[in-house]
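Everything in the sequence shown is counted per numbering that gives the first Met the number 0, starting at 0 for the first residue and increasing by one.
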Amino acid sequence: MTLITFTNVVLRYGFNTGLIWGLEATTFLFAWLVLFGVSYAVKVTAHLGVDALINVFKPKTRRILTLIAAAVCVIYAGLLMKGAWDYWANFANLPQTTGRWFPTGFEEMKRTSYRGWYEVIDIAFPEWLRWIQPLMNDGDDYEKIPRFIPYFILPFGMALLLFRFVQVFVRLLRGQEASLIVSHEVEEAVAEVKHLNAKD
Numbered sequence: 000m001t002l003i004t005f006t007n008v009v010l011r012y013g014f015n016t017g018l019i020w021g022l023e024a025t026t027f028l029f030a031w032l033v034l035f036g037v038s039y040a041v042k043v044t045a046h047l048g049v050d051a052l053i054n055v056f057k058p059k060t061r062r063i064l065t066l067i068a069a070a071v072c073v074i075y076a077g078l079l080m081k082g083a084w085d086y087w088a089n090f091a092n093l094p095q096t097t098g099r100w101f102p103t104g105f106e107e108m109k110r111t112s113y114r115g116w117y118e119v120i121d122i123a124f125p126e127w128l129r130w131i132q133p134l135m136n137d138g139d140d141y142e143k144i145p146r147f148i149p150y151f152i153l154p155f156g157m158a159l160l161l162f163r164f165v166q167v168f169v170r171l172l173r174g175q176e177a178s179l180i181v182s183h184e185v186e187e188a189v190a191e192v193k194h195l196n197a198k199d
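Next up, the structure:
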């Protein structure tokens, strides 16, 4: 991603040209980076949060509030997963879910529902992906990458996020973790590093 952007800047300002597909590829790569990063940050408890109000309460009340917050996160991630699937599914010739908030099944697909032929704007279709054409595009040739490939990060990233929030919720229930967010752990880590530096 950085290499593509750097090359594009040099070409644009140095030679008055550029990689026509560079901006679009960088945008998709950045989306993949962010959506993978969100779930990874949940895994390693790296999301920032404000716990000043929660810290006022006794430990038992604090634990209950943390469990409520974790349950809300699981529900929210589930809603994001449903929305991400519904957005991506048509581009992949798959049915959207039924139900407004909670998926209650899958829609019946009609011939007009298929949108696997939608392509991105600038990124050329690589030869090694030609096997996809009969499956997704009725055998017609793609000129550009079909949208279902870069957009796949939407349901995949939200599924990872949902999985990580469920993991955290279970760890909170078992008492293996005390919080969803990074808060005082950072202060402890800074104090530890300061202590180590003082020894040197």
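Each residue gets a CB set at the ideal place from its N, CA and C atoms; glycine is no exception. Quick caveat: nothing in here was measured; it's all calculated off a predicted structure.
| query | result |
| --- | --- |
| Of all the options Ile180, Leu171, Trp100 and Ile67, which has the alpha carbon lying nearest to the alpha carbon of valine 49? | Ile180 |
| I'd like the list of long-range same chain contacts for threonine 103, defined as Cβ closer than 7 Å, with 5 residues on each side in sequence excluded. | Thr97 |
| So leucine 200 packs on alanine 197, CB below 8 Å; how close in whole Å? | The chain is shown from 0 up to 199; residue 200 falls before or after that span and cannot be answered. |
| Do you know offhand how far leucine 52's Cα is from lysine 59's? | 14 Å |
| Do arginine 173 and lysine 42 have their C-beta atoms closer together than 8 Å? | no |
| For glutamate 176, I'd like the list of residues in its chain whose CB is within less than 6 Å of its CB, leaving aside the five on either flank, ordered along the chain. | Arg170 |
| Classify isoleucine 120 as buried or exposed, calling it buried when 16 or more other Cβ atoms lie within 10 Å of its own Cβ. | exposed |
| For glycine 17, name the three-state secondary structure that DSSP assigns. | coil |
| For methionine 0 versus leucine 34, is the C-beta spacing smaller than 8 Å? | no |
| Return the CA-CA distance between proline 125 and leucine 134, expressed in angstroms with no decimal places. | 16 Å |
| How far does the alpha helix (DSSP H) with proline 133 in it extend, from its first residue to its last? | 132-135 |
| If you draw a straight line from the C-alpha of leucine 66 to the C-alpha of aspartate 140, how long is it? | 51 Å |
| Where does proline 145 fall in DSSP's three states? | strand |
| Which word fits lysine 81, buried or exposed, when buried means at least 16 other C-beta atoms lie within 10 angstroms of its C-beta? | buried |
| Thinking C-alpha only, which one of Ala190, Thr44 and Leu93 is nearest lysine 109? | Leu93 |
| What residue range does the beta strand (DSSP E) around alanine 123 cover? | 118-123 |
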